[in-house]
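The next block holds one structure in the form of structure tokens; read it before the comments.
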Amino acid sequence: MRDLIVLVLLVVSCLLALRRPWLGAVIGTGVSLGSPHLQFGYAAAGWPVGLAISACTVVGLLVTKERRNPFGNAAVGMTIALAVWMTIAEVFALEPDLSYWLWERSMKIFLLLYLALALIDSRKKLDAFIWANVIAIGYYGVKGGLFGILTGGQFIVVGPGGFIGGNNELALAEIVVLPFMRYLQQQSANKWLRRALGVSMALMAVSIVVSHSRGALVGLVAMMSFFWLKNDNKFRWGVLILIGAVIGAFAMPAEYWNRMDTIATYQEDTSAQGRINSWWLAWNLATDRITGGGCTLTVPWIFAKYAPNPQMILVAHSIYFQMMGEQGFIGLGIFLLIGFLTWVNASRMISRGKADPSLKWAAQLGAMIHASMVGYAVSGAFLSLAYFDLPYNVMAMSALGLHLAVRRIPIAPTAPAEAPKPLPAGRVPRASTRPNLSRKV
65 MRDLIVLVLL VVSCLLALRR PWLGAVIGTG VSLGSPHLQF GYAAAGWPVG
115 LAISACTVVG LLVTKERRNP FGNAAVGMTI ALAVWMTIAE VFALEPDLSY
165 WLWERSMKIF LLLYLALALI DSRKKLDAFI WANVIAIGYY GVKGGLFGIL
215 TGGQFIVVGP GGFIGGNNEL ALAEIVVLPF MRYLQQQSAN KWLRRALGVS
265 MALMAVSIVV SHSRGALVGL VAMMSFFWLK NDNKFRWGVL ILIGAVIGAF
315 AMPAEYWNRM DTIATYQEDT SAQGRINSWW LAWNLATDRI TGGGCTLTVP
365 WIFAKYAPNP QMILVAHSIY FQMMGEQGFI GLGIFLLIGF LTWVNASRMI
415 SRGKADPSLK WAAQLGAMIH ASMVGYAVSG AFLSLAYFDL PYNVMAMSAL
465 GLHLAVRRIP IAPTAPAEAP KPLPAGRVPR ASTRPNLSRK V
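Letter 113 of the sequence shown, counting from 1, is numbered 177 in this note's numbering, and no numbers are missing.
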């Protein structure tokens, strides 16, 4: 029965993608992030659901007139550069057969990203795209938060599979999405929807904490601190954050705090030492090979050649060392440049929102993009999610939001011409005695 429901929803989604391809891009984004067929299907768990929706969206793109040039933003251009560089690195990968699957998946993510960039041309469609990201991850966050409250935080919350299958990965995804719940709450005129989003944000925070992820805890603290610093109502949000922190401190079991204590005593923690060993492997690979080692490095002979301790075979657990080891310094540089240009896009959105009250939404979205990026940058230092959809979707939000804001207001609006000063009463303007040089003879 579940598979039949998934099949019906898939057929409907494909038909929508053919008729309204922007909906195909939005639905495909949600499927790629949340993998609902893995969560609810049996045989459907193995179906190429995302690929089918993307294929129909491509067909719809070819026939629709509602499309735009997706490559007009510098950050988008850098994703093309990254895709090209990843392809070059795959050709020279140390284990090309093992790393091919991740390269292929990354190319599919970029394809879906460009479809969204080409088809989303209004604020309504942009908000739908943001909703797709929020619902796809928020479902697991709300569910995980309720589970954490009912069990007293004694059990670890994990994801459905794919990129967010583990507790660390799901927690990072929730951190990235959390600010966009706040953005949607700011845009909603329905008080019940605002309240539902407020409760969802609280449950998401609980889910992040009960994931028992040390990197996620550090990222959550960094993101909330940044959010508080940039918020106009510091007292209100400071009180809410403090209350949440106090409740969390008393509610979590001792096992949780014992695990968090290893952040300070990482020298004695085997997992932390394994990560540092993998970071040295990434550095040694990048200094030895300009293209890095390819998308898969957890192979004994690679660790035997490049790692200080060949017996501790772990993934990098860091977006920065992951890119360094797998794509070399050039790939890491492109990756960081995408983040920098996304930040610049969001800053420009904030500036335009402050200059024009009708663009307040752009300023609010830009601020939430900044908060999301802080969470990803900090938590990502301890997790290997450099190829995950979400950070590139955030980049797309910044490019699309800036495009819509620029289209609404010129970059340098001209000041209105000053009206001529009135002459004193009783005076008339004196005729000019200068010859009219433009008169034809």
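A virtual CB, placed ideally from N, CA and C, is assigned to each residue, including glycine.
- The DSSP-derived three-state label of residue 128 is coil.
- Contact annotation: residue 395 and residue 356 have beta-carbon atoms nearer than 8 Å.
- In this structure the stretch 137-151 does not lie against the stretch 105-116, because fewer than three pairs of beta carbons, one per stretch, are closer than 8 Å.
- Taking the Cα of residue 433 as reference, the smallest distance to any Cα among 294, 387 and 270 is reached at 294.
- Spatial neighbours of residue 65 in its own chain (CB-CB distance under 6 Å, excluding positions within 5 residues in sequence) are not present.
- Counting of Cβ neighbours within 10 angstroms places residue 180 among the buried residues, the total reaching 16 or more.
- Residue 185: not part of any alpha helix (DSSP H); DSSP gives it neither H nor E.
- A residue is called buried once 16 or more other Cβ atoms fall within 10 Å of its Cβ, and residue 428 is buried on that count.
- One alpha carbon belongs to residue 358, the other to residue 383, and they sit about 14 Å apart.
- Take residue 138, set aside five residues on each side of it, and the residues of its chain with a beta-carbon closer than 6 Å to its own are 405, in chain order.
- Taking the CA atoms as reference points, residue 231 sits about 21 Å from residue 387.
- No Cβ-Cβ contact shorter than 8 Å links residue 244 with residue 99.
- The count of Cβ pairs closer than 8 Å, one atom from the stretch 247-254 and one from the stretch 413-429, reaches three, so the stretches are in contact.
- For the pair residue 210 and residue 256, the Cα-to-Cα distance works out to about 19 Å.
- Sequence-distant partners of residue 262 (beyond 5 residues in either direction) whose C-beta falls short of 7 Å from its own C-beta, in its chain, are 249.
- Between residue 132 and residue 86, the alpha-carbon positions lie close to 11 Å from each other.
- Cβ neighbours of residue 443 within its own chain (closer than 6 Å, five residues either side excluded): 236, 239, 279, 280 and 283.
- At a Cβ-Cβ threshold of 8 Å, residue 106 and residue 67 count as neighbours.
- Note that the C-beta distance between residue 389 and residue 423 is not below 8 Å.
- Per the Cβ contact rule, the stretch 175-193 is in contact with the stretch 458-469 (3 or more Cβ pairs under 8 Å).
- Nearest C-alpha to residue 252 among 119, 271, 192 and 222: 192.
- Per DSSP, the continuous alpha helix (DSSP H) segment holding residue 67 begins and ends at 66-83.
- In this structure, residue 344 places its C-beta atom within 8 Å of the C-beta atom of residue 371.
- Cα atoms of residue 126 and residue 80: separation of roughly 15 Å, rounded to the nearest angstrom.
- With a cutoff of 8 Å on beta-carbon distance, residue 200 and residue 94 are scored as near each other.
- Distances from the CA of residue 350 to each of 73, 373 and 385 were compared; the closest alpha carbon is that of 385.
- If the five residues before and after residue 258 are omitted, its C-beta is found closer than 8 Å to the C-beta atoms of 249 and 252, all from its own chain and listed in chain order.
- Residue burial annotation: residue 189 is buried, with at least 16 other C-beta atoms found within 10 angstroms of its C-beta.
- Sixteen is the threshold: since fewer than 16 other Cβ atoms of the shown chains lie within 10 Å of the Cβ of residue 219, the residue is exposed.
- The C-alpha of residue 352 is placed about 41 Å away from the C-alpha of residue 196.
- Straight-line spacing of the CA atoms in residue 101 and residue 418 works out to 42 Å.
- Of the residues assessed, residue 375 falls on the exposed side of the cut-off, its CB having fewer than 16 other CB atoms within 10 angstroms.
- The stretch 99-168 is shown to contain whole alpha helix (DSSP H) runs of 4 or more residues at 100-104, 113-127 and 138-155, in chain order.
- A residue is called buried once 16 or more other Cβ atoms fall within 10 Å of its Cβ, and residue 416 is buried on that count.
- Taken in chain order, the unbroken stretches of alpha helix (DSSP H) that lie wholly in the stretch 396-443 and span 4 residues or more are 424-443.
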